[in-house]
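Inspection log for the structure reproduced underneath, given as structure tokens.
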Amino acid sequence: RMIGVAMMPLMWATGTIREGMGSMGYVLARTQFFDEVINKTLLRPDIKTLIILGAGFDNRAYRLQLPDNLTVFEVDIEPTQRYKVSVLTKAGVKTDHVTFVGVDFSRENLIDKLVANGFDASAPAMILWESVSMYLPENAVTYALDIISKRCAPLSVLAMDFAEDLSDLSRLKNPYGARCTKAYVIKKGEPFQFGVKDGKCSEFLRNFSFETKQHLDSVDLEQRYLTSKIGHHRVSRVVGFIHAVEAVLKPHDDIS
37 RMIGVAMMPL MWATGTIREG MGSMGYVLAR TQFFDEVINK TLLRPDIKTL IILGAGFDNR
97 AYRLQLPDNL TVFEVDIEPT QRYKVSVLTK AGVKTDHVTF VGVDFSRENL IDKLVANGFD
157 ASAPAMILWE SVSMYLPENA VTYALDIISK RCAPLSVLAM DFAEDLSDLS RLKNPYGARC
217 TKAYVIKKGE PFQFGVKDGK CSEFLRNFSF ETKQHLDSVD LEQRYLTSKI GHHRVSRVVG
277 FIHAVEAVLK PHDDIS
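Below, the structure written as structure tokens:
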């Protein structure tokens, strides 16, 4: 399950690791974690829909062995989707099994847009929201989660990651990589806008009727995915302020 060893020299040579201490380690670990959650969830006979929110250049719809009867939606802004489809088409990758839904999370009701494109909101779905929430304003994150909780079917599964609030780095329990990552995303013109205070992701998601099944912090991710089982050698660090979560939507009459 250890991943990314072969990529480390290349990432160091290109400066990727140095630019954001622990950032690449986190990308590798979270990818594996979310892949596992998706593959496990899609074994459920009642899950026939995969929704990838803020899909960007996510390639799970093209590299994972998905069930033949699965409906896949990729949700993002339309310019990104058009460019992605053009790149995949040039590479000879088929996209006809994917429905692309253009949504601006800060202004539009994503469930309305999904339903208009064929989404069956009466059946549970697997929903992935990876590496997006930290770049959105808090009201956009809460708006989207509120819509999902009210419009999606109970027992839908949400796989999502969160940053902690970086406005005061002295509050961080594990500040590894926080200062340079914060500076890096600001330099790139994409500063983090939303973070969960003190990493309390389960409490935050509970406000939207989600029950957390797995919550991995940076140490958990390092131990599970970036540490060899023989000799316990850690090949990479993970930024200390990031959390990855698997949660299940409770029945609408169960909000305790």
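FYI, the numbering for the sequence shown is 37 to 292, going by our numbering. From the three backbone atoms N, C-alpha and C, an ideal C-beta is built for every residue, glycine too.
Reference residue i, options the options, closest by Cα
| i | options | result |
| --- | --- | --- |
| S185 | H288, R270, L64 | H288 |
| H269 | V275, E258, I278 | E258 |
| F136 | R99, A157, I87, E226 | I87 |
| Y62 | I266, K126, T116, Y261 | Y261 |
| F93 | S203, S122, G154 | S122 |
| R99 | P81, P115, T85, L124 | L124 |
| Q229 | M162, W165, N175, K84 | N175 |
Contact set for residue i: own chain, Cβ-Cβ below 7 Å, skip 5 residues either direction
| i | result |
| --- | --- |
| T52 | Residue placement at T52 is flagged as unreliable, the pLDDT there being 46, under the threshold of 50; the coordinate-derived value follows with that caveat. So the list reads M60, once near-sequence residues are dropped. |
| N105 | K84 |
Beta-bridge pairing of residue i - partner residues as DSSP gives them
| i | result |
| --- | --- |
| Q259 | Answer is none; Q259 lacks a bridge partner. |
| M196 | W165, V281 |
Neighbourhood of residue i by C-beta distance below 8 Å, restricted to the same chain and skipping five residues each side
| i | result |
| --- | --- |
| L205 | P211, A214, R215, K218 |
| K286 | P190, S245, F246, E247 |
| D140 | I113 |
Contact check, residue i vs residue j, beta carbons under 7 Å
| i | j | result |
| --- | --- | --- |
| L189 | P160 | In the sequence on display, residue 189 carries Ala and not Leu. Yes. |
| M162 | T77 | yes |
| H251 | F198 | no |
| G128 | V274 | no |
Sequence-distant residues of its chain with Cβ nearer than 6 Å to residue i (five each side left out)
| i | result |
| --- | --- |
| I168 | The question names Ile, but residue 168 is Val in the sequence shown. Contacts found: G90. |
| L46 | Only weak support exists for where L46 lies, its pLDDT of 45 falling under 50; the value from the coordinates is given anyway. None. |
| M43 | Here the model assigns M43 a pLDDT of 44, short of 50, so the residue's position is not dependable and the matter cannot be decided. |
| V73 | A195, E282 |
| T263 | R270 |
Min CB distance residue i to chain D below 7 Å
| i | result |
| --- | --- |
| V271 | Absent from the structure is chain D; it holds one protein chain and no more. |
Using 8 Å as the threshold, is the segment 110-128 in touch with the segment 139-151, meaning 3 or more CB pairs across them? The answer is yes - the segment 139-151 touches the segment 110-128, with three or more Cβ pairs under 8 Å.
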